[in-house]
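What follows is a single structure, written as structure tokens, with notes after it.
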Amino acid sequence: MATESTATPALDSKQNVDIVDLISRFAPLIFLLLLILVMSILEPGFRSERNLFNVMRQISFIGIMAVGATFVILTAGIDLSVGSILAFAGIVGASAAKGTRGLLEGGVTDPGGIRVLYAFLAAIGVGLAIGLLQGGLIGKLGIPAFIVTLGGLGAWRGATLLWSDGQPISSFSDAFKFWGQGSIGPVPVPVVVFLLFVLIGHIVLKYTQYGRWIYAVGGNMEAARLSGLNTTALIVSVYVISGLCAGLAGFLLTSRLNSAEQVAGQGYELNAIAAVVIGGTSLFGGQGGVIGTFIGAVLIGVLNNSLVILNVSPYFQPIVVGAIIVLSVYLDQLAKQRAR
Amino acid sequence: MTTETNAPPGPALLRMAGISKQFPGVKALDRVTLEVRPGECLALVGENGAGKSTLMKVLSGVYQPDEGEILLSGQPVTLHNPRQAQDLGVSIIYQEFNLMPNLTVAENIFVGREPNRGGFVRRAEMTHQARLLLDQLGVTLPPNAVVRDLSVAEQQMVEIAKALSYDARIVIMDEPTSALTDTEVTALLEIVRGLTARGLGVIFITHRLDEVFAIADRVTVLRDGQNAGDLDIAEATPERIVRMMVGRELGDLFQKEAPAHAPDAPYVLEVRGLSRAGSRTDPSAIVLDDVNLGVRAGEIVGLAGLVGSGRTEVARAIFGADGFDRGQILIDGVPVAIKSPRDAIARGIGLAPEDRKAQALVLNLAVRENITLASLGSLVRFGFVMLEAERRRAEEFVRVLRVRTPSLEQKVVNLSGGNQQKVVIAKWLALKPRVLIVDEPTRGIDIGAKAEVHSLLHELAEQGVAILVVSSELPEVLGVSDRILVMRQGRIAGELSRTEATQEAIMTLATGIDHARRAA
Numbered sequence: 200m201a202t203e204s205t206a207t208p209a210l211d212s213k214q215n216v217d218i219v220d221l222i223s224r225f226a227p228l229i230f231l232l233l234l235i236l237v238m239s240i241l242e243p244g245f246r247s248e249r250n251l252f253n254v255m256r257q258i259s260f261i262g263i264m265a266v267g268a269t270f271v272i273l274t275a276g277i278d279l280s281v282g283s284i285l286a287f288a289g290i291v292g293a294s295a296a297k298g299t300r301g302l303l304e305g306g307v308t309d310p311g312g313i314r315v316l317y318a319f320l321a322a323i324g325v326g327l328a329i330g331l332l333q334g335g336l337i338g339k340l341g342i343p344a345f346i347v348t349l350g351g352l353g354a355w356r357g358a359t360l361l362w363s364d365g366q367p368i369s370s371f372s373d374a375f376k377f378w379g380q381g382s383i384g385p386v387p388v389p390v391v392v393f394l395l396f397v398l399i400g401h402i403v404l405k406y407t408q409y410g411r412w413i414y415a416v417g418g419n420m421e422a423a424r425l426s427g428l429n430t431t432a433l434i435v436s437v438y439v440i441s442g443l444c445a446g447l448a449g450f451l452l453t454s455r456l457n458s459a460e461q462v463a464g465q466g467y468e469l470n471a472i473a474a475v476v477i478g479g480t481s482l483f484g485g486q487g488g489v490i491g492t493f494i495g496a497v498l499i500g501v502l503n504n505s506l507v508i509l510n511v512s513p514y515f516q517p518i519v520v521g522a523i524i525v526l527s528v529y530l531d532q533l534a535k536q537r538a539r
Numbered sequence: 134m135t136t137e138t139n140a141p142p143g144p145a146l147l148r149m150a151g152i153s154k155q156f157p158g159v160k161a162l163d164r165v166t167l168e169v170r171p172g173e174c175l176a177l178v179g180e181n182g183a184g185k186s187t188l189m190k191v192l193s194g195v196y197q198p199d200e201g202e203i204l205l206s207g208q209p210v211t212l213h214n215p216r217q218a219q220d221l222g223v224s225i226i227y228q229e230f231n232l233m234p235n236l237t238v239a240e241n242i243f244v245g246r247e248p249n250r251g252g253f254v255r256r257a258e259m260t261h262q263a264r265l266l267l268d269q270l271g272v273t274l275p276p277n278a279v280v281r282d283l284s285v286a287e288q289q290m291v292e293i294a295k296a297l298s299y300d301a302r303i304v305i306m307d308e309p310t311s312a313l314t315d316t317e318v319t320a321l322l323e324i325v326r327g328l329t330a331r332g333l334g335v336i337f338i339t340h341r342l343d344e345v346f347a348i349a350d351r352v353t354v355l356r357d358g359q360n361a362g363d364l365d366i367a368e369a370t371p372e373r374i375v376r377m378m379v380g381r382e383l384g385d386l387f388q389k390e391a392p393a394h395a396p397d398a399p400y401v402l403e404v405r406g407l408s409r410a411g412s413r414t415d416p417s418a419i420v421l422d423d424v425n426l427g428v429r430a431g432e433i434v435g436l437a438g439l440v441g442s443g444r445t446e447v448a449r450a451i452f453g454a455d456g457f458d459r460g461q462i463l464i465d466g467v468p469v470a471i472k473s474p475r476d477a478i479a480r481g482i483g484l485a486p487e488d489r490k491a492q493a494l495v496l497n498l499a500v501r502e503n504i505t506l507a508s509l510g511s512l513v514r515f516g517f518v519m520l521e522a523e524r525r526r527a528e529e530f531v532r533v534l535r536v537r538t539p540s541l542e543q544k545v546v547n548l549s550g551g552n553q554q555k556v557v558i559a560k561w562l563a564l565k566p567r568v569l570i571v572d573e574p575t576r577g578i579d580i581g582a583k584a585e586v587h588s589l590l591h592e593l594a595e596q597g598v599a600i601l602v603v604s605s606e607l608p609e610v611l612g613v614s615d616r617i618l619v620m621r622q623g624r625i626a627g628e629l630s631r632t633e634a635t636q637e638a639i640m641t642l643a644t645g646i647d648h649a650r651r652a653a
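Which chain is which? The protein sequence lines are U and F, in order. Be aware that the first sequence starts at 200, since it is given in this note's numbering, and climbs by one per residue. Be aware that the second sequence starts at 134, since it is given in this note's numbering, and climbs by one per residue.
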């Protein structure tokens with residue numbers, strides 16, 4: 200059938216739309232670069248290598264969790280429990296490192312550094328197990344993610360308090376502290392881990408079959424199911440990834456602070472989600488990526504640091520971050536409306 | 134079929150003259166003129182993308198035209214927003230209804246304008262007024278029924294009542310029949326006649342030419358954003374309208390060719406005793422009752438029946454999208470367990486579901502990604518998608534199926550309905566299926582694209598694919614099928630060979646009523 204003569208006008212408008220689309224997509228990056236530029240001029244101390252790596256280290260814990268949160272949000276889900284998972288994984292890891300609470304007893308000193316591995320595995324294991332449990336409740340039983348992880352937010356914080364009767368676990372071996380406090384060359388270890396996770400997350404999402412599936416499930420769950428995808432397993436998997444990231448962040452933060460605190464990671468879940476959303480990943484799923492999340496996380500970090508350097512009350516930080524979240528989502532919507 | 138038109142002289146009820154509308158990069162409307170006289174039903178036809186919707190959005194105040202004028206009863210008006218258009222008596226009923234499913238009929242009709250005293254809604258008054266409006270339409274809907282519980286046709290009546298409640302002088306209906314059964318269409322056309330008899334003007338947008346001849350006094354045809362013709366129904370023929378729409382002859386819309394299979398070849402797909410009880414709204418309902426059917430390689434079997442007769446449910450059960458209580462599915466005579474779409478796909482079965490956008494496409498992904506979604510496994514090495522091979526596969530199907538898209542990277546949301554449907558079919562062809570089930574393959578797509586989809590199904594049959602076509606459109610079922618199965622109330626009510634099949638014969642089986650005898 201020859202319908203070639205029929206024009207398809209709706210398609211021609213693409214080029215014009217791209218400009219608005221482009222601006223909104225790069226708004227966080229442009230804002231970040233501007234902020235860095237302005238701060239570099241206002242305050243030479245900001246530019247110092249030490250300060251910049253400091254900023255990066257501060258946001259690396261939230262950043263790692265934000266990488267996991269990107270997977271969750273791409274499927275139109277949400278994970279509110281990561282801050283509490285971080286604390287619980289951190290304190291279980293700390294016990295493994297110290298050999299307390301009946302966990303691998305007897306290693307007050309840690310000559311070979313083998314206990315670091317125990318702690319690492321314990322923290323990761325806690326994250327994975329919780330992720331699997333929550334993912335199962337969400338994916339298999341169909342309980343809304345918001346509810347399950349809101350429950351987790353309370354429950355794992357409670358578990359953290361129970362674990363050591365409300366006492367922090369502190370003072371670790373040097374080998375243990377290396378992971379939070381040490382550096383590889385000039386780069387702090389948590390920053391290296393964060394960058395590694397961003398890279399892996401980006402490659403997985405953009406170049407693997409699994410990544411494609413995540414976008415398909417988030418874009419249209421029913422179409423994905425009717426295309427033969429195992430949507431249940433995919434939903435479970437993103438919460439496992441999120442749990443894993445939170446567990447690892449718990450291990451690193453414990454090492455960084457040389458202490459597993461009960462209040463560790465409190466409120467981190469919202470900052471992680473903020474980084475994802477500022478980075479342009481849609482809360483409705485199917486659109487976005489880890490590079491955006493990286494920019495979102497760095498933006499939050501630089502903003503925070505700038506306010507401190509400029510002697511603005513740190514209490515302003517959440518206000519500014521809140522405003523930026525709303526603004527970035529608004530910009531995104533504006534671009535979509537124009538694209539209509 | 135047509136009522137004699139005696140349009141009174143004097144100013145037209147509505148005159149749109151020289152309307153142009155430019156969108157970035159495209160002229161959607163180019164000096165379009167349209168006129169509606171009092172008491173007249175004007176059919177507005179044209180292929181998708183011809184500008185019908187844009188023109189109606191201009192008329193209902195959603196878009197402002199770049200040039201041209203709108204005259205209501207001879208008075209020039211400027212319509213800044215939908216509210217203003219409504220106040221001036223222009224009401225539009227969109228294809229997708231604007232109803233709140235959790236509210237009642239009366240609440241929907243008067244939403245935002247509830248009769249009230251000091252902020253408190255006067256329920257009795259509202260119910261009373263709603264009933265008056267519904268009575269005018271001759272429909273017996275309880276005003277206190279919750280909209281969610283109504284059928285699509287009943288919801289449409291609510292929309293019409295709502296339009297009338299604004300004292301509409303002009304009612305625009307955008308493809309009002311696309312989701313209705315034939316009986317419901319008849320009822321709707323009767324209501325439209327009632328509206329025009331009261332002097333209202335109706336603009337009726339449709340893809341179905343039989344409806345144009347059943348209801349319209351005049352036809353205005355748009356093509357590529359321009360007027361392509363304006364005919365009194367007396368001088369119109371389907372061929373003339375189609376020629377105006379596409380700008381060329383289409384020939385026979387459905388090609389009948391000899392079936393591409395041996396008449397007694399074994400079934401590739403066979404279904405035995407498929408039964409299922411319980412729908413979402415009524416757990417005791419019998420959805421499928423002992424359904425038996427078979428499809429041979431190279432055969433196209435049509436599955437006809439009224440909406441709700443179980444056609445879609447059969448398709449979904451075979452594909453593993455919904456479960457079933459009893460019955461067997463056999464591939465090449467061997468019983469297979471199909472518990473999920475994944476199982477079905479592993480057996481070589483594909484399903485293009487009835488709702489393209491909600492069930493088949495990931496709208497925000499590119500054409501390339503949608504085409505390879507189901508067959509991605511064969512394009513993967515060590516978990517990584519081989520992008521170059523993927524691109525080649527997508528390119529091949531875009532070419533073979535003549536998908537009109539500026540690039541493989543275009544998001545499918547930006548494609549026309551016909552091209553979206555081709556992407557859905559491409560997705561399954563990429564898997565080289567043995568059985569392809571297509572549910573409403575041409576719903577809401579224009580005539581040219583319909584013919585392309587139909588010839589595509591024929592080509593596939595010739596290549597040996599067993600095809601099951603579910604459709605509400607009788608001409609489509611009659612045109613593409615080698616054999617037709619008709620469903621009624623969850624059962625196969627009968628089978629018609631190509632030579633036996635007529636619209637009458639199908640409707641007789643589908644309704645259980647012999648139309649010919651009743652008419653006699």
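The beta carbon of each residue, even a glycine, is placed where N, CA and C say it ideally should be. Remember, it's a predicted structure, so these values are computed and weren't measured experimentally.
{"Query": "CB contact check: N214(F) to chain U, cutoff 8 Å", "Result": "no"}
{"Query": "Under 8 Å between C-beta atoms of G449(U) and G289(U)", "Result": "yes"}
{"Query": "F243(F) classed as buried or exposed, judged by whether at least 16 other C-beta atoms fall within 10 angstroms", "Result": "buried"}
{"Query": "Whole-angstrom C-beta distance between L279(U) and E468(U), which should lie under 8 Å", "Result": "5 Å"}
{"Query": "Beta-carbon spacing of L436(F), V447(F) below 8 Å", "Result": "yes"}
{"Query": "Own chain partners of F345(U) with C-beta closer than 8 Å, once the 5 adjacent residues on each side are dropped", "Result": "I277 and L279"}
{"Query": "Proximity below 8 Å, CB of R376(F) to CB of D365(F)", "Result": "no"}
{"Query": "Beta-ladder partner(s) of N419(U), from DSSP", "Result": "The partner list for N419(U) (beta bridge, DSSP) is empty, contrary to what the question assumes."}
{"Query": "Cα-Cα separation between C174(F) and I451(F), rounded to whole angstroms", "Result": "43 Å"}
{"Query": "Cutoff 8 Å: G362(F) Cβ touching any chain U Cβ", "Result": "no"}
{"Query": "Identified DSSP bridge partners for T237(F)", "Result": "V279(F)"}
{"Query": "S186(F) to D307(F) span [Cα, whole Å]", "Result": "8 Å"}
{"Query": "Cβ contact (3+ pairs, closer than 8 Å) linking the region 313-333 of chain U and the region 250-257 of chain U", "Result": "no"}
{"Query": "Residue-chain proximity (N253(U), chain F), Cβ-Cβ < 8 Å", "Result": "no"}
{"Query": "Partner residues on chain U for E200(F), Cβ-Cβ distance less than 9 Å", "Result": "Within 9 Å Cβ-Cβ: nothing; E200(F) doesn't reach chain U, min ~18 Å."}
{"Query": "Per-residue DSSP class, three states only, for K117(F)", "Result": "Because chain F here runs from 134 to 653, residue 117(F) falls outside it and cannot be looked at."}
{"Query": "Residue-level contact to chain F via CB, Y467(U), 8 Å cutoff", "Result": "no"}
{"Query": "Closer than 8 Å at the beta carbon, the chain U residues around N231(F)", "Result": "Chain U residues near N231(F): none, gap ~17 Å exceeds 8 Å."}
{"Query": "Contact list for the region 397-416 of chain U against chain F, Cβ threshold 7 Å", "Result": "Y406, T407, Q408, Y409, R411, Y414 and A415"}
{"Query": "Helix, strand or coil at A369(F) according to DSSP, with G and I counted as helix", "Result": "coil"}
{"Query": "Q486(U) at chain F interface by Cβ criterion, 8 Å", "Result": "yes"}
{"Query": "I368(U) - partner residues in DSSP beta bridges", "Result": "A459(U)"}
{"Query": "CB contact flag (T260(F), A294(F), <8 Å)", "Result": "no"}
{"Query": "Chain-ordered residues of the region 444-477 of chain F with a beta carbon less than 7 Å from chain U", "Result": "A454, P474 and R475"}
{"Query": "Rounded Cβ spacing between A471(U) and A265(U) (contact assumed at less than 8 Å)", "Result": "4 Å"}
{"Query": "Members of the region 290-322 of chain F that neighbour chain U once the beta carbon cut-off is set at 7 Å", "Result": "none"}
{"Query": "Proximal residues, the region 486-510 of chain F versus chain U, C-beta separation under 8 Å", "Result": "P486, A491, Q492, A493, L494, V495, L496, N497, L498, E502, L506, A507, L509 and G510"}
{"Query": "8 Å Cβ cutoff, A150(F) in contact with chain U", "Result": "no"}
{"Query": "Within chain F, partners of A422(U) - CB distance below 7 Å", "Result": "Q492, A493, L494 and V495"}
{"Query": "Beta carbon proximity, S436(U) to chain F, threshold 8 Å", "Result": "no"}
{"Query": "A638(F), DSSP secondary structure in three states", "Result": "helix"}
{"Query": "Within chain F, the residues that G427(U) reaches when beta carbons sit closer than 7 Å", "Result": "P474, R475, I478 and A507"}
{"Query": "Segment contact flag, the region 543-558 of chain F with the region 489-501 of chain F, C-beta cutoff 8 Å, min 3 pairs", "Result": "yes"}
{"Query": "Cβ-Cβ separation, D476(F) to G453(F) (assumed contact under 8 Å), whole Å", "Result": "5 Å"}
{"Query": "Q461(F) beta carbon near the ligand SAM (any heavy atom closer than 7 Å)", "Result": "The model depicted lacks the ligand SAM and carries no ligand whatsoever."}
{"Query": "8 Å CB neighbourhood of A432(U) in its chain, flanking five on each side removed", "Result": "G338"}
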